[in-house]
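**Student:** Below you will find the structure I want to go over with you.
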Amino acid sequence: MVVGWFTEESADGDREGGFRLLGTRCSACASVFFPREDVFCRNPGCPGRELTEVPLSPRGRIWSYTDSRYRPPAPYVSDPELEWQPRTLIAVELEAERMVVLGQGAPGVSLADLAIGMEVEAVPGVLNEDADTTWTTWHWRPTGTRGPAEETADATGATGVKA
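Below you can see the structure in the form of structure tokens.
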């Protein structure tokens, strides 16, 4: 995980529904930044240097989207022995922060599932993993859809699964 870019806990320590991207806000001009900025305000007209960590909106609307049909070059990590699977890339407008955040679509989300203006939510995802480490990241998922864990639980008859 990229330390300081997101949290899986809400402000009160509750892990349920607490996944949020983390940005920083300038105390002088109230500009919000993601990825976070910890040294100075990126607003060229602001001399501010006091930045506070803030959780970003967990939901936003699709501003644009596409897919990657080629294997990116290093430092992107992928197994060259495996066939490349296209990844859905989604640019999401966070209205309250007045910014657009780019990220991958959640596994199973294809271009056919998306539309400009559709509401999506940030959910935890896996960037890469090996025998010793899982590197976590965020994905965007259309609201009202279920992830692979919920679908697997439903298929096996598990109870207490949120739809």
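Residue numbers for the sequence shown follow the UniProt record's numbering, so the first one is 1 and each next one is one higher.
Just so you know, even glycine gets a beta-carbon here, dropped at the ideal spot from N, CA and C.
Here the structure is a predicted model, which means the values were calculated and not measured.
1. Please classify residue 114: is it buried, with 16 or more other beta-carbons within 10 angstroms of its beta-carbon, or exposed?
2. Can you name, in chain order, every residue of its own chain whose Cβ lies under 7 Å from the Cβ of residue 69, other than the five neighbours on each side?
3. Taking just the CA atoms, how far does residue 81 sit from residue 36?
4. So if DSSP puts residue 61 in a beta bridge, which residue, or which two residues, is it bridged to?
5. In angstroms with no decimal places, state the Cα-to-Cα distance between residue 66 and residue 30.
6. Might you give, ordered along the chain, the residues of its own chain that have their beta carbon closer than 8 Å to the beta carbon of residue 46, omitting 5 neighbours on each side?
7. Could you tell me whether the region 53-64 touches the region 86-103, using the rule of 3 or more Cβ pairs below 8 Å?
**Tutor:** According to the data block:
1. Classification of residue 114: buried, given that the 10 Å Cβ count is 16 or more.
2. 86
3. Between residue 36 and residue 81, the C-alpha separation is close to 35 Å.
4. The partner list for residue 61 (beta bridge, DSSP) reads 93, 119.
5. Rounded to the nearest whole angstrom, the CA to CA distance from residue 66 to residue 30 is 31 Å.
6. 26, 28, 29, 31
7. yes
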